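Undergrad:
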Amino acid sequence: MKFICLGYFDEAQWDRLSEAEQAALMADCFAYDDELKRSGHFIGGEALQSVKNAATLRYQNGKVTVTDGPFAETKEQLGGILMLEARDLNHAIQLMSHHPGVRSGPFEIRPADEEINAQVNQSKTLETNVY
Amino acid sequence: MNESNSVQRQVDAVYRAESRRVFATLIRLLGDFDLAEEALHEAFAVAMEQWPRDGAPNNPRAWLVSVGRFRAIDTIRRRTRFDASLAELAERIDAAEPDVRADEDVEDDRLRLIFTCCHPSLPQDAQVALTLREVCGLKTEEIASAFLVAPPTLAQRIVRAKAKIRAAGIPYQVPSIEDLPDRLDTVLQVIYLVFNEGYAASSGPSLTRADLSGEAIRLGRLVMELLPNPEVMGLLALMLLQESRRAARTSPEGDLILLADQDRSRWNQAQIAEGRALVQQALSSQQVGPYALQAAIAAVHAEAPSPATTDWTQIVGLYGLLAQIEPSPVVQLNRAVAVAMRDGPQAGLQLLDEILAEGDLANYHLAHAARADLCRRLGETAAARASYQRALELVKQEPERRFLESRLRELV
Chain A
1 MKFICLGYFD EAQWDRLSEA EQAALMADCF AYDDELKRSG HFIGGEALQS
51 VKNAATLRYQ NGKVTVTDGP FAETKEQLGG ILMLEARDLN HAIQLMSHHP
101 GVRSGPFEIR PADEEINAQV NQSKTLETNV Y
Chain B
132 MNESNSVQRQ VDAVYRAESR RVFATLIRLL GDFDLAEEAL HEAFAVAMEQ
182 WPRDGAPNNP RAWLVSVGRF RAIDTIRRRT RFDASLAELA ERIDAAEPDV
232 RADEDVEDDR LRLIFTCCHP SLPQDAQVAL TLREVCGLKT EEIASAFLVA
282 PPTLAQRIVR AKAKIRAAGI PYQVPSIEDL PDRLDTVLQV IYLVFNEGYA
332 ASSGPSLTRA DLSGEAIRLG RLVMELLPNP EVMGLLALML LQESRRAART
382 SPEGDLILLA DQDRSRWNQA QIAEGRALVQ QALSSQQVGP YALQAAIAAV
432 HAEAPSPATT DWTQIVGLYG LLAQIEPSPV VQLNRAVAVA MRDGPQAGLQ
482 LLDEILAEGD LANYHLAHAA RADLCRRLGE TAAARASYQR ALELVKQEPE
532 RRFLESRLRE LV
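Taken in order, these protein sequences are the chains called A and B. Using our numbering, you'd call the opening residue of the first sequence number 1 and step up by one each time. Using our numbering, you'd call the opening residue of the second sequence number 132 and step up by one each time.
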């Protein structure tokens with residue numbers, strides 16, 4: 001099964017760390033990602049830039065409005081996503097419990113919705129057929 | 132492409148046949164459920180890579196245990212980077228060189244795993260979840276859907292149970308002879324609970340869930356193979372005999388069909404034959420337990436070619452024995468229903484009212500449904516109506532509700 005792990009962290013707290021501390025934490029995370037790759041559990045991942053660089057779109061009164069900043073003003077913000085291949089939810093929990101990233105903020109683990117993914121993939125096929 | 136498919140199939144077949152055995156042994160060698168699960172995955176990943184190139188090993192199970200163990204030691208050593216306390220663990224596991232070929236040990240490992248998952252210090256819902264996931268190899272999502280709970284709820288139950296096993300230092304062992312009867316009883320309770328949830332789902336849209344009953348019977352066979360004790364035999368027999376009626380128990384619309392109205396030609400004769408043989412064997416042992424007696428009752432029903440030829444005298448006698456070794460109001464209720472069949476509804480109703488007066492079954496819908504049925508047969512329509520209404524207030528399952536409603540409508 002495919003799981004998407006959303007890694008949250010407190011940007012303000014992160015900014016207060018020294019460069020060396022930040023580097024050490026990142027190195028730990030990379031090393032663990034390598035662990036996951038080695039065992040075939042890591043399907044992909046993306047690190048996200050600061051929420052300072054985020055733009056949020058909303059549809060209001062018939063038009064799209066853009067605001068700067070994140071969708072929700074919370075202390076902990078999404079810092080990265082990791083796509084995980086695991087046997088089931090307990091396996092995913094087990095794998096992510098050892099991830100050093102969990103020490104800097106919560107992880108939310110969500111199973112991929114394969115039904116909708118299949119529909120998305122099907123519509124891709126249709127497009128290639130048409131064009 | 133074809134060749135890699137065939138290797139994939141071979142690895143899949145080995146996974147189905149051996150993964151639970153390999154896992155059970157890895158838990159013993161590594162001393163931890165999570166490490167063992169990782170090691171199992173690693174071992175199969177290596178198999179996928181090496182077997183196509185080098186051919187499958189002669190003893191795949193021993194190979195998988197050995198590779199899993201070495202991989203786990205490597206993993207732990209690498210993880211000391213994140214957790215220094217692991218270094219000592221890696222050394223300890225490395226130092227204990229196991230003999231992974233002894234079949235006896237492997238079978239004992241499976242039994243150890245069952246007893247650990249059903250340890251009395253774990254709550255019963257956790258025992259059930261752990262047993263289905265770790266012993267039967269079901270996925271969290273499958274167990275959650277079978278028990279109609281959200282996967283994260285079930286996942287948490289499993290995480291907590293494993294943490295408890297670790298924190299409380301629950302040993303990975305088959306209980307001693309003096310503890311065995313009690314501990315085995317817990318295991319059998321878990322299996323029967325899984326079976327019953329499949330046989331008569333406690334809530335939800337359908338009467339039965341075949342997947343859970345099938346899993347419980349597989350578990351029963353496994354315990355029987357590892358520990359052929361009369362009560363294990365009795366439980367397996369009971370499950371087979373109940374299961375033999377599955378096809379006849381519901382209409383195509385999903386409505387419930389009572390025992391007396393079932394098409395007996397649809398009963399599964401192979402399961403009945405196997406169940407009856409096991410009952411005979413269990414009853415001939417020195418200690419006859421509650422499962423063997425319940426199985427014997429089910430066997431009497433299975434043996435009757437029609438409802439009218441049912442040997443109710445024997446059934447009343449068996450319920451009497453059961454009430455002696457396991458006094459419970461539900462057993463008394465069943466005995467009262469059997470007495471009604473043998474001696475007529477008046478005799479049954481008298482007994483049933485005595486039992487209801489005790490108060491334990493006041494909220495048990497089947498007690499009121501049974502009373503309603505006896506009153507109906509006696510022509511006491513008003514009393515029957517009141518009891519059906521009380522049963523309807525208490526029932527939680529759709530097909531049972533529909534059945535009670537139709538009986539209530541039929542009262543004129």
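Note that CB positions come from ideal geometry on N, CA and C, so glycine has one too. Given the structure is predicted, the values throughout are model-derived calculations rather than measurements.
#1: Can you tell me whether DSSP reads V325 of chain B as helix, strand or coil?
#2: Give me the subset of the stretch 154 to 179 of chain B whose CB atoms are less than 8 angstroms from a CB atom of chain A, sorted by chain position.
#3: Tell me which same chain residues have a C-beta within less than 6 angstroms of the C-beta of R58 of chain A, skipping the five on either side of it?
#4: May I ask you to report which of helix, strand or coil DSSP gives E46 of chain A?
#5: Where DSSP assigns a beta bridge to G138 of chain A, which residues make up the other side?
#6: Using a Cβ-Cβ cut-off of 8 angstroms, state whether A23 of chain A counts as contacting chain B.
#7: Threshold first: 4 residues or longer. Then list the alpha helix (DSSP H) segments lying entirely within the stretch 178 to 261 of chain B, N to C.
#8: Using 8 angstroms as the limit for Cβ to Cβ distance, is Y8 of chain A near chain B?
#9: Is the beta carbon of L324 of chain B less than 8 angstroms from the beta carbon of L242 of chain B?
#10: Shortest alpha-carbon distance to P312 of chain B belongs to which of B:Q181, B:N136 and B:Q418?
#11: With a cut-off of 8 angstroms, does the C-beta of V196 of chain B fall near any C-beta of chain A?
#12: For P283 of chain B, return the contacting residues in chain A, with the cut-off set at a CB-CB distance below 8 angstroms.
#13: Return the bridge partner residues of C267 of chain B from the DSSP annotation.
#14: Taking 8 angstroms as the cut-off, decide whether the C-beta atoms of L492 of chain B and A500 of chain B are in contact.
#15: Once DSSP output is grouped into helix, strand and coil, what is the label at T441 of chain B?
#16: Give the residues of chain B in contact with S18 of chain A, contact being defined as C-beta atoms less than 8 angstroms apart.
#17: Please classify R16 of chain A as buried or exposed, where buried requires at least 16 neighbouring CB atoms within 10 angstroms.
#18: Give me the chain B residues within the contact set of Y32 of chain A, using Cβ-Cβ distance strictly less than 8 angstroms, ordered along the chain.
#19: Within the chosen definition, does the stretch 100 to 119 of chain A reach the stretch 150 to 159 of chain B through at least 3 CB pairs nearer than 8 angstroms?
#20: So, T247 of chain B versus I296 of chain B, is the Cβ gap smaller than 8 angstroms?
#21: Nearest by alpha-carbon distance to D302 of chain B: which of B:L244, B:W182 and B:R184 is it?
#22: Span of the beta strand (DSSP E) holding V66 of chain A?
#23: Return helix, strand or coil for P111 of chain A, following the three-state DSSP convention.
#24: Compare the C-beta of T271 of chain B against all C-beta atoms of chain A and say whether one is closer than 8 angstroms.
#25: Is it the case that the stretch 31 to 50 of chain A contacts the stretch 82 to 101 of chain A, given that we only count it when at least three CB pairs across the two stretches are under 8 angstroms?
TA: With the given structure in hand:
#1: Taking the second sequence and counting its residues from 1, one reaches residue 325 of chain B at position 194. In this structure, V325 of chain B counts as helix in the three-state DSSP scheme.
#2: Across the stretch 154 to 179 of chain B, CB contacts with chain A closer than 8 angstroms involve D165, E168, E169, H172, E173 and A176, in sequence order along the chain.
#3: If you number the first sequence from 1, residue 58 of chain A lands on position 58. Result list for R58 of chain A: T65, in chain order.
#4: Counting from 1 along the first sequence, the entry for residue 46 of chain A is found at position 46. The answer is strand: DSSP assigns E46 of chain A an E or B state.
#5: Chain A is shown from 1 up to 131; residue 138 of chain A falls before or after that span and cannot be answered.
#6: As a working note, residue 23 of chain A is residue 23 in the first sequence. No, no contact with chain B.
#7: 191 to 210, 217 to 226, 234 to 248 and 255 to 261
#8: Here residue 8 of chain A refers to the residue found at position 8 when the first sequence is read from its first residue. No, its Cβ sits nowhere closer than 8 angstroms to a Cβ of chain B.
#9: Here residue 324 of chain B refers to the residue found at position 193 when the second sequence is read from its first residue. Here residue 242 of chain B refers to the residue found at position 111 when the second sequence is read from its first residue. No; because the gap between Cβ atoms is not below 8 angstroms, this pair is not in contact.
#10: Position 181 of the second sequence holds residue 312 of chain B. With distances taken between Cα atoms, P312 of chain B lies closest to B:Q418.
#11: Taking the second sequence and counting its residues from 1, one reaches residue 196 of chain B at position 65. Chain A, which has no Cβ nearer than 8 angstroms to the Cβ of V196 of chain B, makes this no.
#12: The count along the second sequence starts at 1 and reaches residue 283 of chain B at position 152. Ordered by position in chain A, the residues that pass the 8 angstroms Cβ test against P283 of chain B are L89.
#13: Position 136 of the second sequence, counted from the start, is the residue given in the question as residue 267 of chain B. Looking at the DSSP assignment, C267 of chain B forms no beta bridge with any residue, so it has no partner.
#14: Within the second sequence, numbered from 1, the residue matching residue 492 of chain B stands at position 361. Within the second sequence, numbered from 1, the residue matching residue 500 of chain B stands at position 369. Contact flag unset, no.
#15: The sequence position of residue 441 of chain B within the second sequence is 310, counting from 1. Correct three-state label for T441 of chain B: coil.
#16: Along the first sequence, one-based indexing puts residue 18 of chain A at 18. Near S18 of chain A there are no residues of chain B at all, since even the closest Cβ is about 20 angstroms away, more than 8 angstroms.
#17: Taking the first sequence and counting its residues from 1, the one referred to as residue 16 of chain A is at position 16. By the neighbour-count rule (16 or more Cβ atoms within 10 Å), R16 of chain A is not buried but exposed.
#18: Taking the first sequence and counting its residues from 1, the one referred to as residue 32 of chain A is at position 32. Per Cβ cutoff of 8 angstroms: F213.
#19: no
#20: Your numbering for residue 247 of chain B matches position 116 in the second sequence. Your numbering for residue 296 of chain B matches position 165 in the second sequence. Yes. Within cutoff.
#21: Along the second sequence, one-based indexing puts residue 302 of chain B at 171. Here residue 302 of chain B is Pro; the residue named in the question, Asp, does not match the sequence. That would be B:L244, whose Cα lies nearest to the Cα of P302 of chain B.
#22: Position 66 of the first sequence, counting from 1, holds the residue named residue 66 of chain A. Segment K63 to D68, the beta strand (DSSP E) holding V66 of chain A.
#23: As a working mapping, residue 111 of chain A is identified with position 111 in the first sequence. Here P111 of chain A sits in strand by DSSP.
#24: For this step, residue 271 of chain B is matched to residue 140 along the second sequence. Closer than 8 angstroms to some Cβ of chain A, the Cβ of T271 of chain B qualifies, so yes.
#25: The stretch 82 to 101 of chain A is in contact with the stretch 31 to 50 of chain A.
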